[in-house]
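Asker: Counting with UniProt numbering, you get residues 1 to 152 for the letters of the sequence shown.
The C-beta atom is built at its ideal place from N, Cα and C for all residues, glycine as well.
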Amino acid sequence: MFPDETDKKILRRLQQNARLTIKEIASDINLSVTPVHERIRKLEKEGYIDRYVGLLNRKILGKALMAYCHVTLDKQQKESFEDFNNAAKEMEEVLECSMVSGNFDYMLKIVVQDGEAFNQFYQYKLSVLKSVLHISTYFVISEIKNTTEISI
Numbered sequence: 001m002f003p004d005e006t007d008k009k010i011l012r013r014l015q016q017n018a019r020l021t022i023k024e025i026a027s028d029i030n031l032s033v034t035p036v037h038e039r040i041r042k043l044e045k046e047g048y049i050d051r052y053v054g055l056l057n058r059k060i061l062g063k064a065l066m067a068y069c070h071v072t073l074d075k076q077q078k079e080s081f082e083d084f085n086n087a088a089k090e091m092e093e094v095l096e097c098s099m100v101s102g103n104f105d106y107m108l109k110i111v112v113q114d115g116e117a118f119n120q121f122y123q124y125k126l127s128v129l130k131s132v133l134h135i136s137t138y139f140v141i142s143e144i145k146n147t148t149e150i151s152i
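(1) Determine whether the beta carbon atoms of residue 73 and residue 131 lie at a separation below 8 Å.
(2) Residue 7 and residue 39 look like a contact to me (Cβ under 8 Å); what is the Cβ gap, rounded to whole Å?
(3) Determine the DSSP secondary structure at residue 112, reduced to helix, strand or coil.
(4) Could you give the first and the last residue of the continuous alpha helix (DSSP H) run that contains residue 33?
(5) Can you tell me the Cα-Cα spacing of residue 159 and residue 49, whole angstroms?
(6) On a Cα-Cα basis, can you pick out the residue from 71, 137, 133 and 89 that is closest to residue 105?
(7) Any idea what DSSP makes of residue 87, helix, strand or coil?
(8) Would you call the region 93–102 and the region 110–121 touching, i.e. three or more CB-CB distances under 8 Å?
(9) So if DSSP puts residue 169 in a beta bridge, which residue, or which two residues, is it bridged to?
(10) Using only CA atoms, which one of 135, 86, 22 and 36 lies nearest to residue 4?
(11) Per the DSSP calculation, residue 106 is bridged to which residue(s)?
(12) For residue 66, write down the residues that DSSP places opposite it in a beta bridge.
(13) According to DSSP, what are the bridge partners of residue 140?
(14) Could you tell me the alpha carbon to alpha carbon distance between residue 27 and residue 53, rounded to whole angstroms?
Here it is, written out as C-alpha cells:
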C-alpha cells in the first residue's frame, strides 16, 4: 500500500536528516512518538526505507574529480553484460553504474582524486575489460544540483 500523507511527511523528514530522533519527527509532524515509531517500522518493513546512510563530502576526502563514462560493450550477449556488471561492482571508484538504453550500454559515475587517478582507473581497470568496446568520458566542471531526496 502506498504511504499516506503522514507517512510521506515522515519519509521527507528522514530524507532530509536520517539522524532525527523519533521524538523530533513526531514533533515536526504533530504526532506522538508511538505512532511515528510504528509508522517508521512499517515503512522499513514494506521496503519504502531501504537503508540509512551518512553522506560524505567527497572533496574533503580528497575525491575532487567526478566523471561520467558511457560504456559500450563489444557484444550484446548475456555473458558480456554479466562480466561487466561483476567488474563494475568491484571498482571502488564507481559510485553508480546503470545499464541504459540508447547509443551506449552503461553510464558510470566515477569519483577519484585527480586526473592522474582517473587515468590509472581508466587504463588499468575499465579499458582492460574484455567486454568493453568503447568508452566516452565526461568530466564534471560544476555540480548544479546534487541531492539524494526523492520527491514524494
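Answerer: Result, derived from the coordinates:
(1) Against the sequence shown, residue 73 aligns to sequence position 73. Against the sequence shown, residue 131 aligns to sequence position 131. Their beta carbons are under 8 Å apart, which means residue 73 touches residue 131 by this criterion.
(2) Taking the sequence shown and counting its residues from 1, the one referred to as residue 7 is at position 7. Taking the sequence shown and counting its residues from 1, the one referred to as residue 39 is at position 39. Residue 7 to residue 39, Cβ: 6 Å. Contact.
(3) Within the sequence shown, residue 112 is the residue found at index 112, counting from 1. Strand.
(4) Residue mapping note: residue 33 aligns to position 33 of the sequence shown, counting from 1. Note, residue 33: alpha helix (DSSP H), 33–45.
(5) As displayed, the chain neither begins before 1 nor continues past 152, which places residue 159 out of reach and without an answer.
(6) The residue labelled residue 105 in the question sits at position 105 within the sequence shown. Looking at the Cα atoms, 71 is the closest of the given residues.
(7) The sequence position of residue 87 within the sequence shown is 87, counting from 1. The three-state reading of DSSP puts residue 87 in helix, counting H, G and I together.
(8) Three or more pairs of CB atoms, one per stretch, sit closer than 8 Å, so the region 93–102 contacts the region 110–121.
(9) Only positions 1 to 152 of the chain appear in this structure, which leaves residue 169 out of reach.
(10) In the sequence shown, the residue the question calls residue 4 occupies position 4. Nearest option by C-alpha distance: 36.
(11) For the purposes of this step, residue 106 is taken as the residue at position 106 of the sequence shown. Answer by DSSP bridge pairing, in chain order: 71 and 99.
(12) Locating residue 66 in the sequence shown gives position 66, counting from the first residue. Residue 66 is bridged to 111.
(13) Stepping through the sequence shown from its first residue, residue 140 is reached at position 140. For residue 140, DSSP records no beta bridge to any residue.
(14) Position 27 of the sequence shown, counting from 1, holds the residue named residue 27. Position 53 of the sequence shown, counting from 1, holds the residue named residue 53. Residue 27 and residue 53: Cα-Cα distance of roughly 23 Å.
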